[in-house]
Structures are given as C-alpha cells and as structure tokens.
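Written out below as structure tokens is the structure these notes cover.
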Amino acid sequence: MPVITNIEDLRLLAKKRVPRMFYDYADSGSWTESTYRANEADFQAIKLRQRVAVNMENRSIRCTMVGEDVAMPVALAPTGLTGMQHADGEILAARAAEAFGVPFTLSTMSICSIEDVAARTTKPFWLQLYVMRDRGFIERLIDRAKAARCSALMLTLDLQILGQRHKDLKNGLSAPPKPTLANLVNLATKPRWCWNMLKTPRRSFGNIVGHATGVGDLSSLSSWTAEQFDPALSWADVEWIKKRWGGKLILKGILDEEDARLAANSGADALIVSNHGGRQLDGAMSSIAALPGIAEAVGQDIEVWMDGGIRSGQDVLKAVALGAKGTLIGRPFLYGLGAMGEAGVTRCLELIARELDLTMAFCGHTDIRHVGRDILLRPR
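Following the numbering used here, the residues of the sequence shown are numbered contiguously, the last one being 486.
If you want it as structure tokens, here you go:
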C-alpha cells in the first residue's frame, strides 16, 4: 500500500493504473480547458484567517444535505463511465460512501445499473438524470429509481448538448474500448485494470442497455448524447420531472443568478453551482467564483451547494464559508477509485474529512454548521 497523503497522490497513482482514454475522460475539460483549470486555481486565491488560543475540543463536521444526515458536507458527484475507472466502479464507490456516511450519486451514464448498485448497498443513494428526447425512457428510469429506494433525484441542466473534449475525440473514447492497436498497446501496460475488468460482466452503459430503444451505438457516449440528449430542455420539463418523481429534487449546473432564481422558484430542494467540471462551456466562470453571488441571491429560498475544483478539505471549508450548504466531489473520488478501488475512494474521503476538520480548527471553529465568511482573510 503506497503512502497516500493527499488527492494528488491518488491522481498520480490512477494515471499509472487506468487506461489512457478513461483517465483522460475524467481528467480533462472542453476546448482549451481554461474553466477546468480555473475551478482549481480560484480556490487557491482564497486565503484563510488563522485564529489561536481558541478551544478546539469537541469538533464536528457533521451536517445535513436535503435533510439527510451526513458525516461532512460532501457528496460523491455523478460521473459517467465510473465503472471504466475500475471494474464495478459505481458499486465500489457507493459502498465506500455508505460506509463513510456521505451520499453517493449514480449517473444516468453509469456502467453499473441502478439495480446493480441497489442490490449491493443497504442505504438509499441518489440518481442523476439527464433529459432525453425519449420521455418513455425517462419515465421508466424514474420508476426504476423509486423501486431502488433512491432518496433524491439530481437533474443535470447544463448538458443539453455535449461540449467538445479534444482528448476524448483523439482517444476514440468508447465503453468498452475498441480493440485498436493503440488501445491494445495501452491496455497491455494496465494488467491490474484488465484483470479486474475480465472478472465483471459490467462493461457498457448499464442504465441504458436493455432499457432504451432506437439507440444506434451503445458503446459511444458521444453517439448516445447526440441521438438522445434533448436540446429543447426547458423549465416546463423540470416541473414535469418534479411531479413525476414526487421526491427530493436537486438541480445541477447553475452558474447564473437569474437561473438560480428560476431554480429556487421551481420548488426544487437544492441547486448545485456547477460548470460541469469545466467540461461544457470553456471560458465560463469557475464554480467557486460564481458561488457567493448565487448564495446571496437565493440562499434563503433553496439549499445552495457547489461542485467543481475541490481537491481538499480546505476547499470544502472555503465553499462553506462562501455560502455552500454542501459540496460535491467528482475527480477526487475517481482518482481514488482508479488508484485503489473501493479502498481508494475511502482514502479520498478520509483525506478530505481530516483536512476539513483540522483547517476548521485552525480557523477558530468547532462546528461546520457555524462556519461563515469570518474565516476568510479579506484582501487588503
């Protein structure tokens, strides 16, 4: 077991162990990747205010997200193709999240199906939903989520069309990988990944295979999105989905204050300030830069969370200080999964929780629910 002290250690190990096309899929943004980089860089510009001679005993980073008790204000974000970072990846990540006490969100574009994850976990998880042209598929997916006892539905609003990610095109991204010479050469250097993948039958889009009709190429993510993702998505669709679902609804992909007000007026339970990890509109504002304005505009009317660029517990604390009632992590847990499977996801969560706890203490607080802007150092 290598010594893992931060998320970067997990990233470097995942890069060694995961096939290039799937590592690149997780660790990339659209076009020039400027927004992807800004998501991380803008966190670094925020400075913390250190306090001393403050009683640091009896600290707690526990809180709630849409009424659910969580070990810290962090949930695992929905990430497509998670089961290609490591065999049965969604199942492993869900089990690690459950054991740690944080929510897991299953992507519509997952390799393991809703039923796969539900059969191998004991607590409810969340399902992320994309709006498809085929409304019958959407209705069946929502019904499957109900049958699996999913406790919240997360509707992604910022992927009506797919932003261009150069690496995916150059790598010929597909699930499973096509047996080209370049892929076979790369796979030969990843024996651990190949061995684990040979032992599982889950190698394509589990929520779609056998459930969707009229799809031309199930192995291709870009083909599926081009054929099925609905560019005509509107707030009327949000209302329809809310009624069809009938449970807690979370809206992901808000980056503008006007859209945030529409989200609050929709009756959803939470919104997520997110630019899809810098994978859609390149040149958009970073999530952490957009957060304060949105939290101030609608924070009394709806829970405001944020996603994008978090690589440490310090980043989580900064987001909370700027108004987030919760955060989501995608790449950090994918690095852990690709590096060490379920144990790597657990290690990722341990790292973030410890960094969050210690940094909160250094800033003079003992309860995450009471953290505010007072922990931030104002620029002179």
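Beta carbons are placed, not taken as given, at the ideal position from N, Cα and C, and that holds for glycine.
Straight-line spacing of the CA atoms in V344 and S372 works out to 8 Å.
A direct Cα-Cα distance of roughly 21 Å separates I360 from T170. For I267, the three-state secondary structure derived from DSSP is coil.
The way I'd put it, the region 144-156 does touch the region 367-385; three or more beta-carbon pairs between them come closer than 8 Å. Excluding sequence positions up to five before and after R201, its CB lies within less than 8 Å of the CB of R226, T227, E448, all in the same chain and listed in chain order. Taken through DSSP and simplified to helix, strand or coil, Q234 comes out as strand. The residues S140, T141, in chain order, have a CB closer than 7 Å to that of G389 in the same chain once the five nearest residues on each side in sequence are set aside. Judged by DSSP in its simplified three-state form, F210 adopts strand.
Excluding the 5 residues flanking it on each side, V477 has same chain C-beta neighbours closer than 6 Å at V426, A427, H471, in chain order. One Cα belongs to T295, the other to P307, and the distance between them is close to 22 Å. Taking a C-beta distance under 8 Å as the contact criterion, I394 and V410 do not qualify as a contact pair. Taking 4 residues as the minimum length, the alpha helix (DSSP H) runs contained wholly in the region 116-180 are 126-132, 140-150, in order along the chain. Contact between the region 308-318 and the region 212-222 is established, with three or more Cβ pairs separated by less than 8 Å. Distance from the CA of E114 to the CA of L357, rounded to the nearest whole angstrom, comes to 29 Å. DSSP links A258 through a beta bridge to W232, K354. Beta-bridge partners assigned by DSSP to T433: V180, M412. Contact check for F243 and H317: beta-carbon distance about 7 Å, within the 8 Å limit, so the pair qualifies. For L482, DSSP records a beta bridge to L154. One Cα belongs to N289, the other to F439, and the distance between them is close to 25 Å. G419 counts as buried, since at least 16 other C-beta atoms from the protein chains shown sit within 10 angstroms of its C-beta.
Annotation: the continuous beta strand (DSSP E) that includes L377 extends over 376-379. By the criterion of a C-beta distance shorter than 6 Å, L434 is surrounded in its chain by A181, A183, D413, once the five residues flanking it on both sides are discounted.
Of all C-beta pairs linking the region 171-178 to the region 276-292, fewer than three are shorter than 8 Å, placing the two stretches out of contact. In the same chain as V404, and ignoring 5 residues on each side of it, the C-beta atoms closer than 7 Å to its own belong to A366, R367, A370, V410, in chain order. The alpha-carbon of F149 is positioned some 10 Å away from that of L423. If you look at N277, you'll find it in the alpha helix (DSSP H) that goes 272-277. Looking only at D194, M238, W137, the smallest Cα-Cα distance to G269 is reached by W137.
By the neighbour-count criterion, in which 16 or more other beta carbons inside 10 Å mark a residue as buried, A159 falls on the exposed side. Per the C-alpha coordinates, the member of M260, I408, A177 positioned closest to T214 is M260. G359 sits in a strand when the DSSP states are folded into three classes. For R157 and T465, the gap between their C-alpha atoms comes out near 10 Å. Per DSSP, the beta bridge partners of D473 are S166.
Under the three-state reduction of DSSP output, F311 falls in the coil class, being neither helix nor strand. For R246, the enclosing alpha helix (DSSP H) covers residues 241-253.
A straight line joining the alpha-carbon of M178 with that of P125 spans about 32 Å.
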